[in-house]
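In the numbering used here, the protein residues as written are -9 to 80.
1) Which residue comes first and which comes last in the alpha helix (DSSP H) that contains residue 9?
2) Would you identify the three-state DSSP class for residue 39, choosing helix, strand or coil?
3) Look at the alpha carbon of residue 17 and the alpha carbon of residue 2, and state the distance between them as a whole number of angstroms.
4) Could you tell me which of 65, -5, 11 and 8 sits nearest to residue 43, measuring between CA atoms?
5) Taking C-alpha atoms, which residue in 61, 36 and 62 lies nearest to residue 86?
6) Using a C-beta cutoff of 7 Å, does residue 0 count as contacting chain C?
7) Would you kindly work out how many angstroms separate the C-alpha atoms of residue 45 and residue 34, rounded to a whole number?
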């Protein structure tokens, strides 16, 4: 029996894998979380988390964490990150 063909186009995303640990407690927490993920499922889990964030499925948590004047820079950085992730494909 032939293998079932998947719908869509396969893409390889290039996400910068380098994070400077030790300069920001949030990044340290990210590295700690990433290292705790199962080895062969890490990338898929990270992509699922990004998808949930982009589609507003984490909206309440992001809104709670991003409220307040001191987090305005973080909110701006998140918006820039999401803008850079959008790709116009023809």
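Glycine residues also receive a C-beta, built at the ideal position from the N, C-alpha and C atoms.
In brief:
1) Numbered from 1 along the chain shown, position 19 holds the residue referred to as residue 9. No alpha helix (DSSP H) holds residue 9; DSSP gives it neither H nor E.
2) Residue 39 sits at position 49 when you count from the first residue of the chain shown. Correct three-state label for residue 39: helix.
3) Walking along the chain shown from the start, residue 17 turns up at place 27. Walking along the chain shown from the start, residue 2 turns up at place 12. So the alpha carbons of these two residues sit roughly 24 Å apart.
4) Sequence index remark: in the chain shown, residue 43 carries index 53 (1-based). When each option's Cα is compared against that of residue 43, the closest is 65.
5) The structure shown does not extend to residue 86, since the chain is modelled only from -9 through 80, so no value can be given for it.
6) Among the chains in the structure shown there is no chain C, since it carries only a single protein chain.
7) Stepping through the chain shown from its first residue, residue 45 is reached at position 55. Stepping through the chain shown from its first residue, residue 34 is reached at position 44. Roughly 16 Å between the two C-alpha positions.
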